[in-house]
Structures are given as structure tokens and as C-alpha cells.
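Participant: First the structure, which I've put down as C-alpha cells, then a few questions once you've had a look.
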Amino acid sequence: MSHYFGGIEAGGTKFVCMVARSPEAILDERRIPATHPDETLQRAIEFFLPYARLGKLAAVGIAAFGPVDLNPASATFGNITTTPKPGWSHVDLRARVERALNLPIAFDTDVNAAAFGEQYWNPDFHALDPFVYMTVGTGIGVGVIANRRPLHGLVHSEAGHMAIPHDRERDPFPGICPYHGDCLEGLACGPAMAARWGQTGETLPAGHPAWDLEAEYIALALANLIYALSPQRIILGGGVLHGPELLPKVRAQTRRLLNGYIQSPWVGEKIDAYILPPTLGKRSGVLGAIALAIDLARGGATA
Ligand code: ZN
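Under the working numbering, the first residue of the sequence shown is numbered 295, with each subsequent residue one higher.
Written out as C-alpha cells, the structure is:
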């Protein structure tokens, strides 16, 4: 019998659960609001249980909001560590799903999973290494694939919190990050835009100065990522990127900031093909979780 795989994109506002074997072969999908962890996890588990009991699932992948513990040798492996989201600190996400479904579980950050999925499901991206996915939405996160594996270290990339230049005369907004104030996320995530301008990205019109400032902050972050990691492609996703003309502005600002220093046409005349929107649209995270599950079932190292 050919197997399917489970995928969970565990987000701060909702869990997306999927049974699939590829983006073209999705058997079932459900969105569950992220309320109390017990309730949310119970509903996610109930979604998968019928498939697990029928023996249809080979493995489940979890793409979790974080920070999370990714160290397999740790007693708290697969837990959310500390999060400002009430009730969710120290939730043993991976262990609870594993106990309930009795299946192998692949576990990574939402953005590492999205990066993995974007590369896994698009043959054009397979040879590109390192490969970076950045999301700008409720928060800012960066996933990195290096040597074809999600990059783990002391913990995992927290490049969404990188320090970027902040001209307080031009932009007196102090930032909203509870840890750093005006880090990248504190200045440029969706809630920061809403707090600075008094309206959300959905209602800010084209031509509003918010978009040039936002493009510059994102471009500063991308330039730093390009200097630090030399990625061969960058996928830029998240709700803020739906803003008018934001992606072209980000590409132009990134090219301007690099100022010809990086000797590659991909950050020059080919930059439109270098900084790309997600191939998988809003499903990068959950289809990344499916890809991690397949990788685990085939003997990968993401368990
Ligand atoms: Zn921060």
C-alpha cells in the first residue's frame, strides 16, 4: 500500500493540518485556530487519528512557531521553549503528537520547514545551496538550508531579530520587539507597521511612505543574509509581502545596498529571479512539514 504523510504547520494563530504525498496529491486539509494548547493539539490529533488507525500514514512532520528545542539529545526536544503567546511556553508539541499517533515525527521550525519544502518540491531549486526562506508577517523568521539540510546550531537561526541600522530622525518609531525593541522584527513585522502607521498593511495605500521604509528594512536584512550566508536563492514570503509593489522595491533596494560588491549576476541584473515569492504560496510551511516527514521516512536526519 502506498503511504501518505502528515504535515502540521503549527502557527501562532492557527494550525494547518494536511494529509498528502505531494502538493499535487493532497488527501485532506484542515485549519484549526490556535487557542489553548490542549484544545488545539487535541483537534489536530483528531484530524490525523483516522488515517493513522487505517495505517495510511508513514510519518508526520511538524513545522512549529518558536523558539523551539531542536536538539534530539535534549529532554525537551520538540518543545516550544519560551514564547510571548499565552499558555504556549514549554508545550511538548512533538512528544504529544508522537504519543497520540505512534508514528515517526520530523520536527523543525516553521521557517526551516518552509525553506526545506520550497526546495524539496521545486526541482529548479534542488542544486541551490545554501537556500534561504524569509517570512515577513506577524513576526519575521528566516529558514536556512545548508548542505541540503535545515541549519541547526546552538538553537536555530533567529535572523528575524538581527540588528539593522535605524535612523531615529527619519523613523522615530521605537520598535515592538519585547527583547530588542528596534531589531528587524521590532521595526518591520506586520504588527510593527500597524503600530507605526495606525493602520495595517492591508489598508496602507500604494505610494504611502510606509512601503519605501518597509522595503528598505527588508533589503537591509537581505543584504546581511547575502553577506553572511551567500545563499543561491532567497524566497520571500509572508503577509506583508502582499503589499503594493513591495517585492520590486525590495529587489531594487537590495541591489542598491550591495552596491556592486558581490560579484554575481544573481544580485545584479538577474535579481528578479533571485529574490522570489514562494512557489507553494501560503502552503510552504505545511508542505514543508510533509517534505520533512517524507525525508524522515526515507532515512533523512530530521528526526
Ligand atoms: Zn527582536
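Think of the CB as a built atom: it goes at the ideal place given N, C-alpha and C, for glycine as much as any other residue.
Got a list of residues with beta-carbon closer than 6 Å to any non-hydrogen atom of the ligand ZN, in chain order?
Facilitator: Result: His455, Cys471, Tyr473, His474, Cys477, Glu479 and Gly480.
Participant: Can you give the Cα-Cα distance for Ala486 and Gly454, rounded to whole angstroms?
Facilitator: Roughly 13 Å separates the two Cα atoms.
Participant: Considering Ala504, what are the terminal residues of the beta strand (DSSP E) in which it resides?
Facilitator: Element bounds for Ala504: not the beta strand (DSSP E) but the alpha helix (DSSP H), Pro503 to Leu523.
Participant: Within 10 angstroms of its Cβ, does Arg388 collect 16 or more other Cβ (buried), or is it exposed?
Facilitator: Buried.
Participant: Please work out which residues of its chain come closer than 6 Å, Cβ to Cβ, to Gly301, disregarding the five sequence neighbours upstream and downstream, and give them in chain order.
Facilitator: Contacts found: Met312, Gly355, Val580, Ala583 and Ile584.
Participant: Could you check what DSSP says for His536 in three-state terms: helix, strand or coil?
Facilitator: Helix, per DSSP.
Participant: Helix, strand or coil: how does DSSP classify Phe359 here?
Facilitator: If DSSP states are grouped into helix, strand and coil, Phe359 belongs with coil.
Participant: Just how far apart, CA to CA, sit Asn518 and Cys483?
Facilitator: The straight-line gap from Cα to Cα measures roughly 17 Å.
Participant: Cα separation between Ala279 and Thr429?
Facilitator: Residue numbering for the chain in the displayed model covers 295 to 597; residue 279 lies beyond these limits and cannot be assessed.
Participant: Using the beta-carbon count (16 or more within 10 Å), is Thr329 buried or exposed?
Facilitator: By the neighbour-count rule (16 or more Cβ atoms within 10 Å), Thr329 is not buried but exposed.
Participant: Using a 10 Å radius around the Cβ and a threshold of 16 neighbouring Cβ atoms, would you call Gly360 buried or exposed?
Facilitator: When all chains shown are included, Gly360 counts as buried.
Participant: Find the nearest neighbour of Leu481 within the set Thr432, His384, Val438 and His450, judged by alpha-carbon distance.
Facilitator: When each option's Cα is compared against that of Leu481, the closest is Thr432.
Participant: Restricting to Cα atoms, I'd like to know which of Ala567, Asn406 and Gly492 is closest to Ala304.
Facilitator: Closest by alpha carbon: Asn406.
Participant: Applying the 10 Å Cβ sphere with the 16-neighbour rule, what's the burial state of His420?
Facilitator: His420 comes out exposed.
Participant: Using the Cβ count rule (16 or more neighbours within 10 Å means buried), how would you classify Ala457?
Facilitator: Its Cβ having fewer than 16 others within 10 Å, Ala457 is exposed.
Participant: With 16 other CB atoms within 10 Å as the buried threshold, where does Arg545 fall?
Facilitator: Burial call: buried.
Participant: Cα separation between Glu318 and Ser383?
Facilitator: Those two C-alpha atoms are separated by around 35 Å.
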